[in-house]
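Peer 1: Have a look at this one before I ask anything.
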Amino acid sequence: MTAIKEQDIITKTSSKNFEESYNTLVDIITNNPNLKIVAQLDHQANASSVGLQLNPTRLILFGNPQLGTPLMQKTQLIGLDLPQKILIWEDDHGEVKVSYNNPEFLKSRHNISNQEDIFTTINNALGAISNKVIAGN
Numbered sequence: 009m010t011a012i013k014e015q016d017i018i019t020k021t022s023s024k025n026f027e028e029s030y031n032t033l034v035d036i037i038t039n040n041p042n043l044k045i046v047a048q049l050d051h052q053a054n055a056s057s058v059g060l061q062l063n064p065t066r067l068i069l070f071g072n073p074q075l076g077t078p079l080m081q082k083t084q085l086i087g088l089d090l091p092q093k094i095l096i097w098e099d100d101h102g103e104v105k106v107s108y109n110n111p112e113f114l115k116s117r118h119n120i121s122n123q124e125d126i127f128t129t130i131n132n133a134l135g136a137i138s139n140k141v142i143a144g145n
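Numbering (my numbering), first residue to last: 9 to 145.
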């Protein structure tokens, strides 16, 4: 497992292929009663629809209103970054990556204080989810 922090984005390399990684992510979120998938975007399909090529790239938006709502009560502008997003993408070398915003960046970006427990929970959840996605069988 490789984890890279770049511009407040956490990226990990998956040991699985693209479809397995994406399907694992969908299964994890779907089977967690605290989480709800809000949207799924297939950037590769969108590019193809206008005659352009793009490596496999899919974004899944998901959330937990119990955690997100208190943050939005502090500043509704965090709604630009919520719900959470995880990007599964394949680079030019065939490596599958799992990327998401560092929750500490969101806390800083929106100048939110007194919500440490929520940000710790979000950070731990995103770490656990992404680690399950990238782990071998």
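Heads up, the beta-carbon is just placed ideally off N, CA and C, and yes, glycines get one too.
For clarity, every value in this text was computed on a predicted model and none was experimentally measured.
1) Could you pull the start and end residues of the beta strand (DSSP E) that A133 belongs to?
2) Hey, could you find the ends of the alpha helix (DSSP H) D35 is sitting in?
3) For L88, count neighbouring C-beta atoms within 10 Å of its own C-beta (all shown protein chains included) and say buried if the count is 16 or more, exposed if not.
4) How long is the line joining the alpha carbons of I18 and Y108, rounded to whole angstroms?
5) For N54, does the three-state DSSP call read helix, strand or coil?
6) I'd like to check one pair, P73 with W97: are the Cβ atoms closer than 8 Å?
7) How far does the alpha helix (DSSP H) with E98 in it reach, from first residue to last?
8) Can you list, in chain order, the residues of its chain whose CB lies under 8 Å from that of E112, leaving out five sequence neighbours each side?
9) Would you mind stating whether T32 and V104 have Cβ atoms separated by less than 8 Å?
10) Nearest-angstrom Cα distance between L90 and G76?
11) Can you name, in chain order, every residue of its own chain whose Cβ lies under 6 Å from the Cβ of S138, other than the five neighbours on each side?
Peer 2: Once the coordinates are examined:
1) Residue mapping note: residue 133 aligns to position 125 of the sequence shown, counting from 1. A133 -> not in any beta strand (DSSP E); alpha helix (DSSP H) instead, spanning E124 to I142.
2) Residue numbering aside, residue 35 sits at position 27 when the sequence shown is read from its first letter. Counting along the chain, the alpha helix (DSSP H) containing D35 begins and ends at F26 to T38.
3) Start at 1 with the first residue of the sequence shown, and residue 88 comes out as number 80. Around the CB of L88, fewer than 16 other CB atoms lie within 10 Å, so the residue is classed as exposed.
4) Taking the first residue of the sequence shown as 1, we reach residue 18 at position 10. Taking the first residue of the sequence shown as 1, we reach residue 108 at position 100. I18 and Y108 have their C-alpha atoms some 5 Å from each other.
5) On the sequence shown, residue 54 is found 46 positions in, with the first residue counted as 1. The DSSP-derived three-state label of N54 is helix.
6) In the sequence shown, residue 97 corresponds to position 89, counting from 1. In the sequence shown, residue 73 corresponds to position 65, counting from 1. For the 8 Å CB-CB criterion, W97 and P73 do not form a contact.
7) As a working mapping, residue 98 is identified with position 90 in the sequence shown. Premise fails: E98 lies in the beta strand (DSSP E), Q92 to E98, not in any alpha helix (DSSP H).
8) Here residue 112 refers to the residue found at position 104 of the sequence shown. In its chain, beyond the 5 residues on either side, D16, F127 and N131 have a beta carbon closer than 8 Å to the beta carbon of E112.
9) Taking the first residue of the sequence shown as 1, we reach residue 32 at position 24. Taking the first residue of the sequence shown as 1, we reach residue 104 at position 96. Contact: no.
10) As a first step, residue 90 is located in the sequence shown; it is residue number 82 there, counting from the start. As a first step, residue 76 is located in the sequence shown; it is residue number 68 there, counting from the start. Going from the Cα of L90 to the Cα of G76 covers about 7 Å.
11) Here residue 138 refers to the residue found at position 130 of the sequence shown. The residues K20 and V106, in chain order, have a CB closer than 6 Å to that of S138 in the same chain once the five nearest residues on each side in sequence are set aside.
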